[in-house]
Structure formats: C-alpha cells, structure tokens
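Structure first, then comments.
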Amino acid sequence: MSYRELILDLPKQFSWQPKMSGEHIRPKPRGLFVGHLFSSGFKRIVIAGMGGSRLAPDILKMHWPRKNIHIHSDYGLPDLGEGVLRDALVIANSYSGNTGETVSAAREAVSKDYTLAVVASGGELIKMAEENQLPHIIIPGGDIPSRLAVGYDLVALMALVGAEGGEMAACAGIDAAKLESRGQELAEHLSGGIPLIYAPESKKELGYAWKVILNETAKVPAFFNRFPELNHNEMAGFLDSKQLLTSFRCLILDDGDERLAKGIDKISELYNQKGISVTRVPLVQGAPLLAVVSSVILAHWTALALAEKAGVDPISTPSIEEFKKSL
1 MSYRELILDL PKQFSWQPKM SGEHIRPKPR GLFVGHLFSS GFKRIVIAGM
51 GGSRLAPDIL KMHWPRKNIH IHSDYGLPDL GEGVLRDALV IANSYSGNTG
101 ETVSAAREAV SKDYTLAVVA SGGELIKMAE ENQLPHIIIP GGDIPSRLAV
151 GYDLVALMAL VGAEGGEMAA CAGIDAAKLE SRGQELAEHL SGGIPLIYAP
201 ESKKELGYAW KVILNETAKV PAFFNRFPEL NHNEMAGFLD SKQLLTSFRC
251 LILDDGDERL AKGIDKISEL YNQKGISVTR VPLVQGAPLL AVVSSVILAH
301 WTALALAEKA GVDPISTPSI EEFKKSL
C-alpha cells in the first residue's frame, strides 16, 4: 500500500477487536482477571516502547493522565526500585516484536518474575510471550511502518490496561481524506525550513508525535517544545540571538487553553518579527482522543506532502535500518 492509502486506512484500525492470549499472570494482584489486566492491584504501568511504537503509549498516557503510567524508551527496565516494579504491570510494546531495547526490557521482567504483558505483531516478543504463557495481544502485521500502526497499538494497549474505550468508535469514524488539504497547506508553510513544533504541556506527547512523523516520513530535522516552559528558556535562544534564524518554521498546536492564549499570541508576534514564520494548528473540538488522533493524521498528511516535494520515499527509513544493522 502507498503511504497515502495507509493514512486513509488509519481510522479503520480503531474498529479492530483485539484478542488477548496467555493467562500466566505473575504475581497475581488482587482484583485481577484475565482479559482485563489493569486493576487496583497495580500501582503503576510501565510501558517499554521505542520510535513509532512509543506513539501509542504516549497517547495512552496523555488520554489517561490520572493513572501512573511510565513510558520507558531505553534498554532494560527503569530504575524505579524493586518494590515499585514488583507492584507494576510491565508492557513490552514493539510493532515488529524485535526492537532490541524493548526485548531487553521484557527479558529483564521475565528474569525477575515481574508482571509482564506483550503487544507486538510477531517477532521475538511474541515468541517469548508464548513460551512463557504471558498475556499478549498480536496486532495486525504486514508492511505498515510502526508510526502508521498507532491505531492498532492504542486499541491493544487500552484493552490490556482496561482503559475506557468509548471514544474508539469516534476515532474509527474520522474522515482522513478531509484532512489532506490542510496537511498540504501546512507543508507549504514548512517547506524549505526546519520545523519547530510547539504544544501545550498537556499535549506534549502530541507535539513529540509530530516531530517523529516529520523526521521519519519527510526526512527533515524537526524539534519540539511545550508551553509555558519554552517561555522560560527556548524563546531566548531565538529572540535574543543575533544570528539569522529565518530557516525555522513554527507550528503551534493549539488546544484552546485560555491560560496559554496571551503567551501564544505574544510569542507568535515576536517570532514573526524575528523572521520566524508561525502557523497555528487548532485541535479538533470534541472528544479529547478524537482531537489527538485527528492531529496525528494531519501530521502524516503534512509529512507526506513534504516528502513528495522533496522527492523522498515517505515509507522507508534507510538510515535507521542501516544503523540498527551496524550495532
């Protein structure tokens, strides 16, 4: 499938019905039952995920802010302490099932007898889950880049942890085609420049998703920061600099937070005066998850348009694959 076809099909992923396999839960926390792993017995959820397989965990954390979710993008497990990890649900999340860092996290969890579940399309992680009878969900595989399998991944994660999935139907109903023209407009704004993605603190994971998608699909360097923190540091690097900074293009993901409105207005004015073009990208009004998923789809359209302008393959990431092989 082409990248465009994959974007158009992305909303359909939210209507997929995951099936959990494996019943070997260890240790068994109070209130746990197979098919619904999250319970009051788990004091924390630790999700190991890298690259495109980190996007869905980030969205889950953003969607479920009151839950104690720790995203781990490194080898092994985070240094949270034996007692904390013993009371946590650890999820190894990798689209391919072969991501080295995530596999190492799963191996450590198994060796220390922590509660582990797996989400992958196959590979070493599913093999490990089957051999150890661990709870796992196999997501649809194929030639989909992990950044474009975010729907499958999010559905699986929400099923594992028992998060409320009422917004999935709304996400499945998104008309991705209607967002394409706006993505092309944003690509025109970014074309020839270095993207700066600014987002509210509460949507920082979404800002990071835009950065990742632009990096991997459009093959451009891109950077992100969040309001209001950037008003205390990064803006000085641009506004007080004597260097010519007109190669930067700023996109502000605006969720309508009135507390940030004056600051966003002012920084937009000051950046424009400095020659840094600024465009606001309002989030879709309505259900929070719908707004986030719509923005992710818009990021894909923007990145695809930039890739087509530059004449680069939007799907493959040869430098990343060559780097992995060299390790």
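Mapping of the sequence shown onto UniProt numbering: residues 1 to 327, in sequence order. Glycine included, every Cβ here is placed at the ideal spot set by N, Cα and C.
Residue i to residue j, Cα distance in whole Å?
| i | j | result |
| --- | --- | --- |
| G151 | P11 | 7 Å |
| P57 | L77 | 16 Å |
| I174 | V212 | 22 Å |
| P314 | R4 | 10 Å |
| S181 | T317 | 25 Å |
| S53 | S121 | 11 Å |
| L179 | I7 | 10 Å |
| N68 | P195 | 32 Å |
| L55 | E205 | 8 Å |
| S40 | M50 | Low confidence applies to S40: its pLDDT is 47, below 50, so where it sits in the model is not reliable enough to give any reading. |
| E82 | E188 | 50 Å |
| P228 | P221 | 23 Å |
| I137 | A156 | 7 Å |
| I276 | K203 | 23 Å |
| L190 | L327 | 34 Å |
| R44 | H70 | 7 Å |
| K266 | I297 | 28 Å |
| P27 | P65 | Residue confidence for P27 is low, a pLDDT of 46 falling below 50, so the modelled location carries little weight and cannot support an answer. |
| K242 | D9 | 46 Å |
| A163 | A236 | 40 Å |
| E131 | Y95 | 19 Å |
| I252 | S2 | 29 Å |
Using a Cβ-Cβ cutoff of less than 7 Å, which residues in the same chain neighbour residue i once the five nearest sequence positions on both sides are dropped?
| i | result |
| --- | --- |
| E234 | N225 |
| Y271 | F238, C250 and V278 |
| K274 | F238, L239 and L245 |
| L154 | A56, I59 and L60 |
| K127 | none |
| K325 | none |
Once the 5 residues before and after residue i are set aside, which same chain residues still bring their CB inside 6 Å of it?
| i | result |
| --- | --- |
| E322 | none |
| V90 | V46, A109, Y114 and L116 |
| H63 | L289 |
| Q184 | A305 |
| D254 | R280 and P282 |
| N215 | A222 |
| A159 | P18 |
| S247 | G193 and I194 |
Is the Cβ-Cβ distance between residue i and residue j less than 7 Å?
| i | j | result |
| --- | --- | --- |
| A92 | V118 | yes |
| S268 | V281 | no |
| A299 | W210 | yes |
| T302 | L186 | yes |
| A48 | H72 | yes |
| A129 | G22 | yes |
| G97 | E124 | yes |
| F42 | C171 | no |
| P135 | M20 | yes |
| K219 | V161 | no |
Compare the C-alpha of residue i against each of the options and name the closest.
| i | options | result |
| --- | --- | --- |
| L244 | F42, G193, K67 and V284 | G193 |
| A169 | I320, L290, F42 and H63 | L290 |
| Y208 | P65, A120, I320 and S295 | S295 |
| I59 | S319, L80, P318 and V293 | V293 |
| I264 | E130, P200 and N215 | P200 |
| G166 | K219, A287 and K19 | A287 |
| D257 | S94, Q285 and S247 | Q285 |
| Q17 | R66, P135, I139 and V84 | I139 |
| L85 | K127, M1 and K112 | K112 |
| K262 | N231, A159 and L80 | N231 |
| L260 | A163, K242 and Y198 | Y198 |
| S319 | I252, T217 and I297 | T217 |
So, at 8 Å on beta carbons, what are the nonlocal neighbours of residue i in its own chain, with the 5 sequence-adjacent residues on each side left out?
| i | result |
| --- | --- |
| E308 | P314 |
| residue 367 | Given that the chain is displayed from residue 1 to residue 327, the structure contains no residue 367 and the question cannot be resolved. |
| residue 360 | The displayed coordinates of the chain run from 1 to 327. Any statement about residue 360 would go beyond what the structure contains. |
| R107 | M128 |
Legend entry - Every unbroken alpha helix (DSSP H) inside the region 257 to 326 [4 residues or more]: Runs of the alpha helix (DSSP H) spanning 4 or more residues and lying entirely within the region 257 to 326 occur at 258 to 273, 288 to 310 and 318 to 326, in chain order.
Legend entry - Minimum length 4: unbroken alpha helix (DSSP H) runs contained in the UniProt domain "SIS" (34 to 179): Those alpha helix (DSSP H) runs which fall completely within the UniProt domain "SIS" (34 to 179) and span 4+ residues are 55 to 63, 82 to 86, 100 to 111, 123 to 131, 150 to 161 and 168 to 172.
Legend entry - beta strand (DSSP E) runs contained entirely in the region 186 to 233, provided each spans 3 or more residues: Within the region 186 to 233, the complete beta strand (DSSP E) runs of at least 3 residues are 194 to 200 and 223 to 227.
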